[in-house]
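Residue numbers (UniProt numbering): 1 to 201. Have a look at the structure below, then the notes.
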């Protein structure tokens, strides 16, 4: 029955106000993310997705780098909003850095040249599934999170790779700060599902 899975989907919410607390051990966090990595599907079982778990003082360092590389040049009003949000992420329990190994993607293009133009899209599909799986799994463990895309900035991604000794061939797909929620997520609004779902029979 899919009921338990569907119920789990409703637990996963975007929450920007998170604390430096966790109801589970670091070992359990690692186990949850490891299982998600193992069982998230990928095109031709290429297993191109990568994840880095950043905790404690290293998490503060991560968000200091994000702020340093992201905030300059922003309009002042937006900068104030983003700084407050990033300061909050720096005080989260930890963050998951999601990556895609470009060497694997390039290898698929060479192996399946007929599908070359769509291989990156297939990689994005796998990345999105991994994000959702980890997000939902952490939510079920009592950890709130949100999905951030600052790593799309190549300058920032390079700075993170240099700081933490990560391969330059890894391309950032998202950053997920997590921790116990400081307050519940707001009510979620839905548009008419009839505009999004069509049944043809």
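All C-beta atoms, glycine included, are put in the ideal place defined by N, C-alpha and C.
For the candidate residues the options, whose alpha-carbon lies nearest to that of residue i?
i: residue 169; options: 128, 67, 105 and 72; result: 105
i: residue 8; options: 137, 31, 40 and 102; result: 137
i: residue 67; options: 58, 56 and 79; result: 79
i: residue 183; options: 40, 88, 60 and 57; result: 88
i: residue 188; options: 23, 12, 107 and 120; result: 12
i: residue 112; options: 96, 51 and 46; result: 46
Mind checking whether residue i and residue j have CB atoms under 8 Å apart?
i: residue 162; j: residue 18; result: no
i: residue 42; j: residue 49; result: yes
i: residue 176; j: residue 98; result: yes
i: residue 81; j: residue 53; result: no
i: residue 83; j: residue 71; result: yes
May I ask you to list the residues that DSSP assigns as paired with residue i?
i: residue 160; result: Per DSSP, none; premise fails for residue 160.
i: residue 177; result: 95
i: residue 148; result: 175
i: residue 14; result: 145
i: residue 170; result: 101
By a C-beta neighbour count over all protein chains shown, 10 Å radius and 16 as the cutoff for buried, is residue i buried or exposed?
i: residue 199; result: exposed
i: residue 100; result: buried
i: residue 134; result: buried
i: residue 151; result: buried
i: residue 195; result: exposed
What do you reckon, is the C-beta of residue i under 7 Å from a heavy atom of the ligand FMN?
i: residue 192; result: The model depicted lacks the ligand FMN and carries no ligand whatsoever.
Handout entry: Every unbroken beta strand (DSSP E) inside the segment 41-121 [3 residues or more]
Key = 49-55 and 94-101
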